[in-house]
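Mind the numbering: the sequence shown is residues 10 to 114 in the working numbering, read in order. We put the beta carbon where it would ideally sit given N, CA and C, even for glycine.
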Amino acid sequence: MKRFLEYAKVTKYYNYYQILTLTGLYLSEALGLQIKDIKIDVLEIRRGITADGLSSLKNKNAIRDIPLNPKLKSVLLEQKRLSAFITPDGQMFPSESHRSGLLEI
């Protein structure tokens, strides 16, 4: 994984890959992240992205909070800075067309 992340550093997806490895989120959950999901000490997981757009998670057990360690918090804040003014709904990972999620992945 370390080697993969080293290669990914030069891509626009680097923060996305880091968040996946630091949290264990499903791809769709990470794509569904919005700026409002970042709290002081947790990352709220409340939705995912499908081919049809934003959707609620499959069941109540999928809704959870992930504690923020310093590395995760740093990556999230960097991605927040990069995506803050791109979409009106605050998507952390907007697609090229500014719809929700990096659907081309």
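Identify, in the order they occur along the chain, each residue of the same chain with its Cβ nearer than 7 Å to the Cβ of Gln88, setting aside the five sequence neighbours on each side.
As a first step, residue 88 must be located in the sequence shown, where it is residue number 79. The residues are Asn24 and Met101.
Among Lys11, Pro97 and Ala39, which one has its Cα closest to the Cα of Leu29?
Locating residue 29 in the sequence shown gives position 20, counting from the first residue. Ranking the options by Cα distance to Leu29, first place goes to Ala39.
Decide if Thr32 is buried, meaning its Cβ has at least 16 other Cβ atoms within 10 Å, or exposed.
Here the question's residue 32 lines up with position 23 in the sequence shown. When all chains shown are included, Thr32 counts as buried.
Contact check, Gly57 vs Ser37 under 8 Å by CB: the rounded distance?
Counting from 1 along the sequence shown, the entry for residue 57 is found at position 48. Counting from 1 along the sequence shown, the entry for residue 37 is found at position 28. Sure, about 4 Å apart at Cβ, within 8 Å.
Does the beta-carbon of Asp46 have 16 or more other beta-carbons within 10 angstroms, so that it is buried, or is it exposed?
As a working mapping, residue 46 is identified with position 37 in the sequence shown. By the neighbour-count criterion, in which a residue is buried when 16 or more other Cβ atoms sit within 10 angstroms of its Cβ, Asp46 is buried.
Pro97 CB to nearest chain B CB: under 8 Å?
Structure shown: chain B not included; a single protein chain is present.
Just the Cα atoms here: how many angstroms apart are Ala93 and Ser104?
As a first step, residue 93 must be located in the sequence shown, where it is residue number 84. As a first step, residue 104 must be located in the sequence shown, where it is residue number 95. If I take the Cα positions, the gap works out to 14 Å.
Buried or exposed: Val84, going by 16 or more other Cβ atoms within 10 Å of its Cβ?
Within the sequence shown, residue 84 is the residue found at index 75, counting from 1. Flag for Val84 reads buried.
Ordered along the chain, which non-local residues of its own chain (more than five positions away) have a Cβ less than 7 Å from that of Arg73?
In the sequence shown, counting from the first residue as 1, residue 73 sits at position 64. Contacts found: Ile54.
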